[in-house]
Amino acid sequence: MLTRTDIRSKVFDVDEKSFRNVAIELFNYQFQNNAVYHEYCSLLHTDPFQITSIDQIPFLPVEFFKTHRVVTGTVPEKIVFSSSGTTGQQTSRHYVSDLLLYEASFLNCFQHFFGNPENYCILALLPSYLERAGSSLVYMVEKLIEKSGHPKNGFFLYNHDALYKLLTHLEAVKQPALLIGVTFALLDFAETYPLSLKYTKVMETGGMKGRREEITRDALHQKLRNAFSVNSIYSEYGMTELLSQAYLMEDGKFHAPIWMKVLMRDVNDPLQLIGTNQSGAINVIDLANIDSCAFIATSDLGKVYADGTFETLGRMDYSDARGCNLMWE
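Sequential numbering of the sequence shown, starting at 471, is according to the working numbering.
Encoded structure:
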């Protein structure tokens, strides 16, 4: 049986061929060392010796992170990330014992899709996340800002006038920038301070949080493209229960890093996976989730394509509204 150290050393070095083997190794490790996942698999009568394909691995419903302590191994947590939620709503909790693993995941992913953070001035419009503790998104952006090192980097709450002046200045000096914001805040800013952005990438993280009427992602992106005179709006697909993210790129599809894979399950039979180009519910394999659970059945609806890209189509009717991915087609 491979150790945690053995598996961790392979997470970011996988390719299409080795992903399967590492995923199965991680499944066996978590089956043996994660009490919640072990019990869930046992209730499904899963025989780990019969698992020879990732299609056979059970996916833990994401709701377990709200009701159970989902941990693998005995290493104490360094931080507990929690999901956003309305008053009285039960939130997910992700116990993270290896922050360097999380940082390696989002930094490698960002570099792959957007280049070195040092190339950007990073401006974060994340009021609802800054106003609470335990946001994995805020932690990620703080580290990206740290890696960027630009003197004008910063978080903004509701001071849109200062953000507008800074963006205007950055555009004037042709400084590449990244404006990353929660959806309702980006819309508020765009409606009050429209401007032409030639050197700034705009990325929304989802989330109306009851602040505005829900709209589709297409409608949102059209509003933002018009307000900022840009051809593309980027988007992050991430959640408290994962340590990896996918990004919606110029082609209008989400792209995941090589150590993260999205599969689809039948909405009427949660144990049945379906093929590409079919609408279903999203399952995620996140190899970076060594110390919790790497195999998550989300409450999101979507469609995956043969090249591994995917799109999101909404949420299961019974699921709670989430902060990071609330608006859909």
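Quick reminder that beta carbons are idealized off the backbone N, C-alpha and C, glycines included.
Taking residue i as the reference, give the member of the options with the closest Cα.
{"i": "Asn-578", "options": "Ala-726, Lys-773, Ser-605, Ser-702", "result": "Ala-726"}
{"i": "Leu-633", "options": "Gly-604, Leu-595, Gly-619, His-620", "result": "Leu-595"}
{"i": "Val-541", "options": "Ser-562, Lys-773, Ala-574", "result": "Ser-562"}
{"i": "Asn-504", "options": "Lys-644, His-620, His-538", "result": "His-538"}
{"i": "Asn-753", "options": "Ile-527, Tyr-499, Leu-496", "result": "Ile-527"}
{"i": "Pro-776", "options": "Ile-755, Arg-785, Thr-746, Ser-488", "result": "The residue asked about is misnamed: residue 776 is Ala in this sequence, not Pro. Of the candidates Ile-755, Arg-785, Thr-746, Ser-488, the one whose C-alpha sits nearest the C-alpha of Ala-776 is Thr-746."}
{"i": "Gln-500", "options": "Ile-755, Lys-773, Met-786", "result": "Ile-755"}
{"i": "Asp-736", "options": "Gln-559, Ser-762, Asp-525", "result": "Asp-525"}
{"i": "Leu-513", "options": "Leu-741, Tyr-717, Glu-781", "result": "Leu-741"}
{"i": "Ile-615", "options": "Asn-629, Phe-576, Asp-631, Leu-771", "result": "Phe-576"}
{"i": "Ser-666", "options": "Ala-689, Lys-635, Thr-686, Phe-654", "result": "Lys-635"}
{"i": "Asn-629", "options": "Leu-690, Tyr-663, Phe-780, Val-732", "result": "Tyr-663"}
{"i": "Ile-494", "options": "Glu-509, Pro-518, Arg-602, Val-774", "result": "Pro-518"}
{"i": "Gly-722", "options": "Arg-687, Gln-520, Leu-472, Val-492", "result": "Arg-687"}
{"i": "Lys-693", "options": "Leu-713, Gly-676, Leu-657", "result": "Leu-657"}
{"i": "Arg-785", "options": "Leu-637, Gly-676, Arg-695", "result": "Gly-676"}
{"i": "Asp-568", "options": "Val-545, Lys-487, Gln-559", "result": "Val-545"}
{"i": "Lys-622", "options": "His-639, Tyr-609, Val-506, Ile-744", "result": "His-639"}
{"i": "Gly-750", "options": "Thr-779, Leu-783, Gly-778", "result": "Leu-783"}
What did DSSP end up calling residue i once you bin it into helix, strand or coil?
{"i": "Thr-746", "result": "coil"}
{"i": "Asn-738", "result": "coil"}
{"i": "Met-797", "result": "Its pLDDT being 32, under 50, Met-797 is placed unreliably in this model, and the value from its coordinates should be taken loosely. Met-797: coil per DSSP, three-state reduction."}
{"i": "Asp-761", "result": "coil"}
{"i": "Met-786", "result": "coil"}
{"i": "Val-532", "result": "coil"}
{"i": "Asn-753", "result": "strand"}
{"i": "Arg-602", "result": "coil"}
{"i": "Arg-539", "result": "coil"}
{"i": "Thr-516", "result": "coil"}
{"i": "Glu-661", "result": "helix"}
{"i": "Ala-767", "result": "strand"}
{"i": "Arg-792", "result": "With a pLDDT of only 44 at Arg-792, under 50, the local geometry of the prediction cannot be trusted, and the value read off the model is given with reservation. Arg-792 falls in the coil class under three-state DSSP."}
{"i": "Leu-718", "result": "strand"}
{"i": "Ser-552", "result": "strand"}
{"i": "His-639", "result": "helix"}
{"i": "Lys-487", "result": "helix"}
{"i": "Ser-618", "result": "helix"}
{"i": "Ser-705", "result": "strand"}
{"i": "Ile-477", "result": "helix"}
{"i": "Glu-495", "result": "helix"}
{"i": "Asp-587", "result": "Here residue 587 is Pro; the residue named in the question, Asp, does not match the sequence. Of the three classes helix, strand and coil, the one that applies to Pro-587 here is helix, per DSSP."}
{"i": "Asn-504", "result": "coil"}
{"i": "Leu-607", "result": "helix"}
{"i": "Lys-693", "result": "helix"}
{"i": "Leu-712", "result": "coil"}
{"i": "Ile-524", "result": "helix"}
Considering only their Cβ atoms, is the gap separating residue j from residue i smaller than 8 Å?
{"i": "Ile-760", "j": "Ile-477", "result": "yes"}
{"i": "Leu-627", "j": "Leu-600", "result": "yes"}
{"i": "Phe-724", "j": "Phe-529", "result": "no"}
{"i": "Glu-706", "j": "Tyr-669", "result": "no"}
{"i": "Ala-660", "j": "Phe-698", "result": "yes"}
{"i": "Glu-674", "j": "Gly-651", "result": "yes"}
{"i": "Met-734", "j": "Gln-748", "result": "yes"}
{"i": "Trp-729", "j": "Phe-482", "result": "yes"}
{"i": "Phe-583", "j": "Met-709", "result": "no"}
{"i": "Ile-703", "j": "Leu-648", "result": "no"}
{"i": "Ser-554", "j": "Ser-598", "result": "yes"}
{"i": "Val-672", "j": "Val-700", "result": "yes"}
{"i": "Leu-607", "j": "Thr-653", "result": "no"}
{"i": "Pro-646", "j": "Tyr-590", "result": "yes"}
{"i": "Lys-731", "j": "Phe-489", "result": "yes"}
Under the assumption that residue i contacts residue j (Cβ atoms under 8 Å), give the Cβ distance between them as a whole number of angstroms.
{"i": "Glu-573", "j": "Gly-619", "result": "That belief does not hold up - the Cβ atoms of Glu-573 and Gly-619 are roughly 16 Å apart, past 8 Å."}
{"i": "Glu-769", "j": "Val-532", "result": "For clarity, residue 769 is Ser in the given sequence; the question names Glu instead. Confirmed, about 6 Å."}
{"i": "His-564", "j": "Glu-711", "result": "5 Å"}
{"i": "Phe-800", "j": "Gly-604", "result": "With the chain running from 471 to 799 in the structure shown, residue 800 is simply not present."}
{"i": "Asn-585", "j": "Arg-474", "result": "Per the sequence shown, the amino acid found at residue 585 is Gly instead of Asn. No, Gly-585 and Arg-474 are not in contact; Cβ-Cβ is about 31 Å, not under 8 Å."}
Going by DSSP, what residues sit across from residue i in a beta bridge?
{"i": "Ile-650", "result": "Ala-594, Met-673"}
{"i": "Arg-687", "result": "The partner list for Arg-687 (beta bridge, DSSP) is empty, contrary to what the question assumes."}
{"i": "Lys-731", "result": "Ile-755"}
{"i": "His-564", "result": "Phe-551"}
{"i": "Tyr-634", "result": "Paired residue(s): none; Tyr-634 is not in a bridge."}
{"i": "Tyr-510", "result": "Looking at the DSSP assignment, Tyr-510 forms no beta bridge with any residue, so it has no partner."}
{"i": "Gly-772", "result": "Gly-750, Thr-782"}
{"i": "Phe-626", "result": "Leu-595"}
{"i": "His-725", "result": "Tyr-717"}
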